[in-house]
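Encoded as structure tokens, the structure appears first; notes follow it.
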Amino acid sequence: MILRRKTIEATVPSMAMGDIAFLLLIFIVLLARARDESHLVWQPATGTELVKPVNKNASVVIDKQNVAYLNGRPVQLENLAAELKPLLGNLPAGSRTVLFKVHKDVIAEFFEPAIEAVSKAGGELHHVLEPAPNPSAPR
Amino acid sequence: MNDIAFILIVFFLVCASVEPEDGRSQVIPRSEKNEDQQTSQSTEVGLTPAIVTIDGTPYQLGEFQPRIRQILSRKKTEAERVVVLKSQADVPYQHWIAMTEIIERAGGIVTLLIEEEQTIQIN
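Taken in order, these protein sequences are the chains called B and H.
Each residue of the first sequence is one higher than the one before, starting from 0 at the first, in numbering that gives the first Met the number 0.
Each residue of the second sequence is one higher than the one before, starting from 0 at the first, in numbering that gives the first Met the number 0.
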């Protein structure tokens, strides 16, 4: 009598792969969100003839609560110039753009010192705005 | 189904991660230079939430644009076109942006005049 040896197939469960990919994706997204500014609450002021920045070296945000952030990290306004300087380094003029994102209702008491700090660090301001609504557009 | 869900998630993530960057570039001269420029015949604009002053004369918001254009059109050199902007502490950013846009469109170069608080202790 001949007994055939049982062959055991080693396969990757394909149904579980989707779940694994999904969990990996959530993990990567959470890591990425901790580094960006999407969690900051601010509404841009309006402007006309808006242009895209040529480059971006740093980003300063002042949110709804008048809190300043440099590249998504909270920063004291007094320390902003000192923290910006190493980010801008010795870049030539025209390549020292600092994105400036301020909530539209923040008052001068908070945003003017930030502008001064960017200027002191030799940064070139780029106010991030949204296009003003066209008054002639149909409602 | 898994592939579809995956592609949908990626699509939504890409959509959500696009942050606005359009805006207006502004060159604020370095503070060291400001002192020299202020000694020349620069224009001083005072900003409050309701009115604007040009060299101390108050104007309604609607009158500001033609007046500043008129003043700056007479200025020939870059140093003369410097506009020293002094804002009240309660001026909102939206208003500040609108006014500086008018000044820059009229050919002005905005510099800021920021008051510093100093505490002097008298013995």
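Idealized CB from N, CA, C, for every residue including glycine.
Quick caveat, the model's predicted, so the values are computed rather than measured.
| Item | Value |
| --- | --- |
| State the DSSP-derived secondary structure class of R135 (chain H), mapped to helix, strand or coil. | Since the first and last residues shown for chain H are 0 and 122, residue 135 (chain H) lies out of range. |
| For E62 (chain H) and L86 (chain B), what's the separation of their Cα atoms in angstroms? | 42 Å |
| So I19 (chain B) contacts chain H; which residues on that side make the cut at Cβ distance below 9 Å? | What I19 (chain B) touches in chain H: nothing, since even the nearest Cβ is about 10 Å away. |
| With 8 Å as the threshold, decide whether the Cβ of F10 (chain H) is near any Cβ in chain B. | no |
| Using only the alpha-carbon positions, how far apart do D54 (chain H) and V44 (chain H) sit? | 6 Å |
| Entirely within the region 4-65 of chain B and at least 3 residues each: give me those beta strand (DSSP E) ranges in chain order. | 57-61 |
| Tell me the rounded alpha-carbon separation between L22 (chain B) and T10 (chain B). | 21 Å |
| The ligand PLP and I96 (chain H): does any heavy atom of the ligand fall closer than 7 Å to the residue's C-beta? | Questions concerning the ligand PLP fall outside what the structure shown contains, since it holds no ligand whatsoever. |
| Does any residue of chain H bring its CB to less than 8 Å from the CB of L24 (chain B)? | yes |
| Just to confirm before moving on: does the CB-CB distance between E103 (chain H) and V127 (chain B) stay below 8 Å? | no |
| Measure the C-alpha to C-alpha separation of L30 (chain B) and V117 (chain B) and round it to an integer number of angstroms. | 28 Å |
| Check the Cβ of P85 (chain B) against every Cβ in chain H and list those closer than 7 Å, keeping chain order. | Within chain H, no residue comes near P85 (chain B); the closest Cβ sits about 18 Å away, beyond 7 Å. |
| Which whole runs of the alpha helix (DSSP H) in the region 34-78 of chain H are 4 residues long or more, in chain order? | 60-72 |
| Tell me whether L69 (chain B) sits in a helix, a strand or coil according to DSSP, three-state version. | strand |
| Comparing C-alpha positions only, which one of H:V109, H:I101 and H:H94 sits nearest to A44 (chain B)? | H:H94 |
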